[in-house]
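All residue numbers for the sequence shown refer to our numbering, where the first residue is 63 and numbers rise by one.
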Amino acid sequence: KTYHSDSANMWIDIQRALRRVKLQFTGVGPTCFQLQVPSFRPPATTKTVLRQLKSHMRDMHYHAWCDLKDQGRTVGAHEGLGSRFLSRGGGLLDCEYRFAIAARMNLIATRAVLKRTHGNSNSSCRHCGRTETETLPHVLQHCPHNEASIRARHDLSLRRIAAAIAKANPSCRLLVEQPLPEFTDALLKPDIILVDDANKTAAICDLAVSFDDGNIQGSGLTGFQTRAAEKIDKYGRLSRFLGSKGYDVSSCALIFGSLGSVLPDNQAVLTSTFNLSRGTATKLQTQLSSHHIRLCRQIWRRHSSSRSVFQGRPGGPARAA
């Protein structure tokens, strides 16, 4: 802070500070002026000026982050329960907390990032050879070297969700990763099927842990919303079959981000469709957010420190003897 003994220099500093945050005073009459913050209709007063300035600066930094082509990709997904760990810890260790922040800003030292920042010539995945670029989405979602860990992350989350649903619906029939016995296509196995034979209602739900993507796509939906729509369409035949049997069917999806994001629609699915209380649903999603961050850090550490499963010439798997 700079302190001045005269008001003229103090007002110069105030004007400079306002220019930095893209604000300015406007005149009201010949002798008065006021501060108008764009996102607020009434002008700032002595009681509201601090709140309006904080909100304006938060929005300004948010939009600046969104405008970053590379580091701003995941910003739209980080809201609500998915970012609660930032202020409450979420039971994360310091190293896990730092990983989550760095990963959300795409600062994890994958080969793609090192090529962009340090000019490294090789950006291919250290385990897949030259067939894939080593980006963070590839490491956390698609790399065959991490397939077992990626699957375990999904299964552990599914078990927690299924346990909460079973507790909230003790009189209903719950199928977890099982085909519906009376349905002919045994290949259609949603993650969760909840059937209430007494009230003739059924819920079909699939879980996805996707890479955080809140960008609006050509369809007008975010990456999470598009993923949810795909999950619902996948089990359309099963939904129509139950409907033909007289059941009132609800098809839904639970979408979480591998970096801790939570689709806001999850809350309605858990409370309205699966009858969880609001407190239980909020606690479950907050725990899963931290759980995914913790597991993704483990996936990254294993990926970056373990020996490649592909041996032999660089650029491809080893030849069979």
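Glycine included, C-beta positions come from ideal geometry on N, C-alpha and C.
For this session: Compute the distance between the beta-carbons of N231 and N337, then report whether it is under 8 Å.
Result: Working through the sequence shown from its first residue, we reach residue 231 at position 169. Working through the sequence shown from its first residue, we reach residue 337 at position 275. Closer than 8 Å, so yes.
Exercise. For S306, which option in R188, A264, T342, T344 has the closest C-alpha, if you only look at C-alpha atoms?
Worked result: Here residue 306 corresponds to residue number 244 of the sequence shown, with the count starting at 1. Looking at the Cα atoms, A264 is the closest of the given residues.
For this session: Look up L143 in the DSSP assignment and say whether it is helix, strand or coil.
Result: Here the question's residue 143 lines up with position 81 in the sequence shown. In the structure shown, L143 sits in a helix (DSSP, three-state: H, G or I).
For this session: Given a cut-off of 8 Å, decide if D295 and T284 are closer than it, judged by their beta-carbon atoms.
Result: Taking the first residue of the sequence shown as 1, we reach residue 284 at position 222. Taking the first residue of the sequence shown as 1, we reach residue 295 at position 233. No; because the gap between Cβ atoms is not below 8 Å, this pair is not in contact.
Exercise. Residues bridged to C267 by DSSP?
Worked result: Residue mapping note: residue 267 aligns to position 205 of the sequence shown, counting from 1. According to DSSP, which records beta bridges pairwise, C267 is partnered with I254, C314.
Problem set entry | Bridge partner(s) assigned by DSSP for F303 | Working through the sequence shown from its first residue, we reach residue 303 at position 241. F303 is not bridged to any residue.
Exercise. Do the CB positions of I227 and A270 come within less than 8 Å of each other?
Worked result: Numbered from its first residue, the sequence shown carries residue 227 at position 165. Numbered from its first residue, the sequence shown carries residue 270 at position 208. Contact: no.
Exercise. In this structure, does DSSP put L176 in helix, strand or coil?
Worked result: The count along the sequence shown starts at 1 and reaches residue 176 at position 114. Helix at L176.
Exercise. I think S352 touches L154, with their Cβ atoms under 8 Å apart; what is that distance to the nearest whole Å?
Worked result: Numbered from 1 along the sequence shown, position 290 holds the residue referred to as residue 352. Numbered from 1 along the sequence shown, position 92 holds the residue referred to as residue 154. Indeed they touch by this definition, with Cβ atoms about 5 Å apart.
For this session: Would you list the residues sitting across from T88 in a DSSP beta bridge?
Result: Along the sequence shown, read from residue 1 onward, the residue named residue 88 stands at position 26. Paired residues: Q96.
For this session: Taking the CB atoms as reference points, tell me whether A139 and G319 lie closer together than 8 Å.
Result: The sequence position of residue 139 within the sequence shown is 77, counting from 1. The sequence position of residue 319 within the sequence shown is 257, counting from 1. Yes.
For this session: State the DSSP-derived secondary structure class of R103, mapped to helix, strand or coil.
Result: The residue labelled residue 103 in the question sits at position 41 within the sequence shown. Three-state result, R103: coil.
For this session: Decide if V137 is buried, meaning its Cβ has at least 16 other Cβ atoms within 10 Å, or exposed.
Result: Numbered from 1 along the sequence shown, position 75 holds the residue referred to as residue 137. Per the 10 Å Cβ criterion, buried.
Problem set entry | Euclidean distance between Cα positions of C358 and A165 | Taking the first residue of the sequence shown as 1, we reach residue 358 at position 296. Taking the first residue of the sequence shown as 1, we reach residue 165 at position 103. Looking at the two C-alpha atoms, the distance is approximately 10 Å.
Problem set entry | Among C128, F102, V238, W127, the one whose alpha carbon lies nearest that of S117 | On the sequence shown, position 55 is the one that residue 117 refers to. Among C128, F102, V238, W127, the Cα nearest to that of S117 belongs to F102.
Exercise. Just the Cα atoms here: how many angstroms apart are R86 and L112?
Worked result: In the sequence shown, residue 86 corresponds to position 24, counting from 1. In the sequence shown, residue 112 corresponds to position 50, counting from 1. Correcting the residue type first, residue 86 is Gln in the shown sequence and not Arg. C-alpha separation (whole angstroms): 15 Å.
Problem set entry | Range of the contiguous alpha helix (DSSP H) that encloses R235 | Residue 235 sits at position 173 when you count from the first residue of the sequence shown. Element bounds for R235: not the alpha helix (DSSP H) but the beta strand (DSSP E), 235 to 238.
For this session: Give a yes or no on whether the C-beta atoms belonging to D253 and C267 are separated by under 8 Å.
Result: Against the sequence shown, residue 253 aligns to sequence position 191. Against the sequence shown, residue 267 aligns to sequence position 205. Yes, the Cβ-Cβ distance between D253 and C267 is below 8 Å.
For this session: Could you check the C-alpha separation between G181 and T197 for me, to the nearest Å?
Result: Position 119 of the sequence shown, counting from 1, holds the residue named residue 181. Position 135 of the sequence shown, counting from 1, holds the residue named residue 197. Whole-angstrom Cα-Cα distance: 15 Å.
Problem set entry | Alpha-carbon to alpha-carbon, L169 and L80 | As a first step, residue 80 is located in the sequence shown; it is residue number 18 there, counting from the start. As a first step, residue 169 is located in the sequence shown; it is residue number 107 there, counting from the start. So the two alpha carbons sit approximately 31 Å from each other.
Exercise. Among the residues of its own chain, which have a CB less than 7 Å from the CB of L242, if the five just before and after it don't count?
Worked result: The count along the sequence shown starts at 1 and reaches residue 242 at position 180. Taken in chain order, the residues that qualify are I255, L300.
Problem set entry | Collapsed DSSP secondary structure at P243 in the structure displayed | Locating residue 243 in the sequence shown gives position 181, counting from the first residue. The answer is coil: DSSP assigns P243 none of H, G, I, E or B.
Exercise. So does the region 341 to 355 actually touch the region 286 to 294, counting three or more Cβ pairs closer than 8 Å?
Worked result: no
For this session: Answer yes or no: do S211 and R364 have a C-beta to C-beta separation smaller than 8 Å?
Result: For the purposes of this step, residue 211 is taken as the residue at position 149 of the sequence shown. For the purposes of this step, residue 364 is taken as the residue at position 302 of the sequence shown. Closer than 8 Å, so yes.
Problem set entry | Segments of 4+ residues assigned as alpha helix (DSSP H) that fall wholly inside the region 203 to 230 | 209 to 230
Exercise. If you draw a straight line from the C-alpha of G152 to the C-alpha of H354, how long is it?
Worked result: Here residue 152 corresponds to residue number 90 of the sequence shown, with the count starting at 1. Here residue 354 corresponds to residue number 292 of the sequence shown, with the count starting at 1. G152 and H354: Cα-Cα distance of roughly 11 Å.
Problem set entry | Simplified DSSP assignment, three categories, for P319 | Here residue 319 refers to the residue found at position 257 of the sequence shown. In the sequence under discussion, the amino acid at residue 319 is Gly, which differs from the Pro named in the question. Three-state result, G319: strand.
Exercise. Comparing alpha-carbon positions, which option in H200, Q96, F245 lies nearest L304?
Worked result: To locate residue 304, count along the sequence shown from 1; it is residue 242. Of the listed residues, the one whose Cα sits closest to L304 is F245.
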